[in-house]
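Chemist: For the sequence shown, counting from 1, position 95 maps to 80 in the working numbering; every step adds exactly one.
Ideal placement from N, C-alpha and C gives every residue a C-beta, glycine not left out.
Just dropping this structure here.
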Amino acid sequence: MHSGFSGSGGSSSSARLDRAWERLWSSLSLPRLNRSKVQELVETVQEAQAEALAGAAAALAAAQKDVELVAAQKDVALVTAQMDVALVAAQKDAVLMEALKTVAMFGLQVEVFELQIKELVADNLRLRGMLDARGLMEYAEERLFSQLDPATKLDRESKWAQLGGRHPALEAAILQANPQWKARWIPDKAVQLYSHLSSLMHRGALPAAVSNKVVLAEGPLSREQMRFLECVAAAVHCPVQLCYLLQQPATRNSRSAPGI
-14 MHSGFSGSGG SSSSARLDRA WERLWSSLSL PRLNRSKVQE LVETVQEAQA EALAGAAAAL
46 AAAQKDVELV AAQKDVALVT AQMDVALVAA QKDAVLMEAL KTVAMFGLQV EVFELQIKEL
106 VADNLRLRGM LDARGLMEYA EERLFSQLDP ATKLDRESKW AQLGGRHPAL EAAILQANPQ
166 WKARWIPDKA VQLYSHLSSL MHRGALPAAV SNKVVLAEGP LSREQMRFLE CVAAAVHCPV
226 QLCYLLQQPA TRNSRSAPGI
């Protein structure tokens, strides 16, 4: 019995080994053995088997190289894919950073623009002798209700009654600053406040402007009135300075009222 080794060692080596085994078994089957012939055939089988094994080893080594090459190619492909992903991520980060810079720059420009507008408004009020709380209210009414029909003579309460329909964001800011108020109270509150400011002015008790800003001072004004006027001032870009008798208990969000 022989083990004809064939396979990846190559067909020629395995064929030679098979033939050597066949000749050897044929010689062993003869009635009379020729020892020298048998020894020669055994050596032939051994040589053929060694050659077949060497061929198989070479083929195995070649196959191993092919496997390693494929694995290396996969590794290269994986690394390339990872580099592509990293590149895309870096590009996205760069775009995001540029967008954030643009937003920051735009925000800075808006702040500068807002300061310039406030300076112009303050100069306008000062030249008109209106750089005080009552002048602020009169200027705000001009701006907020300027689209009303000039032929329709509305009193102050009727004008402020249209605040919610014309400027809902300002109405919301006022109600947020004074949460105990209701929207329907605002017209009456505005009328009362203007009357109070007129009284202060006639008595010489209305605080004068400071650093080109309208002064809203606690004492002459209640905190509710100050918060109302602060919201109105923010809406028409009028600079104000708040003066409290005691520390202001909390930061108000009334400055968020959008400009008109």
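1) Could you tell me whether the stretch 199 to 218 touches the stretch 133 to 153, where touching means 3 or more Cβ pairs closer than 8 Å?
2) Just how far apart, CA to CA, sit Gln147 and Leu112?
3) Using DSSP's beta-bridge definition, name the partner residues of Glu203.
4) Going by DSSP, what residues sit across from Gln226 in a beta bridge?
5) Identify every residue that forms a DSSP beta bridge with Val195.
6) Can you tell which of Arg4, Ala118, Tyr124, Ala48 has its C-alpha closest to the C-alpha of Gln31?
7) Going by other Cβ atoms of all chains shown within 10 Å of its Cβ, with 16 needed for buried, is Gly92 buried or exposed?
8) Classify Asp173 as buried or exposed, calling it buried when 16 or more other Cβ atoms lie within 10 Å of its own Cβ.
9) Between which residues of its own chain and Glu123 is the CB-CB distance below 7 Å, once the five residues before and five after are set aside?
10) Going along the chain, which residues of its own chain have a beta-carbon closer than 6 Å to the beta-carbon of Thr137, five neighbours each way excluded?
11) Of the choices Leu201, Phe213, Ser21, Gly189, whose alpha-carbon is the least far from that of Trp166?
12) Who are the near neighbours of Val106 in its chain, counting only those whose CB is closer than 8 Å to its CB and skipping five residues on each side?
13) Does the distance from the C-beta atom of Gln161 to that of Val200 stay below 8 Å?
14) Nearest-angstrom Cα distance between Glu83 and Leu185?
15) From Ala246 to Asp117, what does the alpha carbon distance come to, in whole angstroms?
Modeler: The relevant details are as follows:
1) no
2) 29 Å
3) Leu206
4) Val200
5) Lys198
6) Arg4
7) exposed
8) exposed
9) Met115
10) none
11) Phe213
12) Tyr124, Val221, His222, Cys223, Pro224
13) no
14) 53 Å
15) Residue numbering for the chain in the displayed model covers -14 to 245; residue 246 lies beyond these limits and cannot be assessed.
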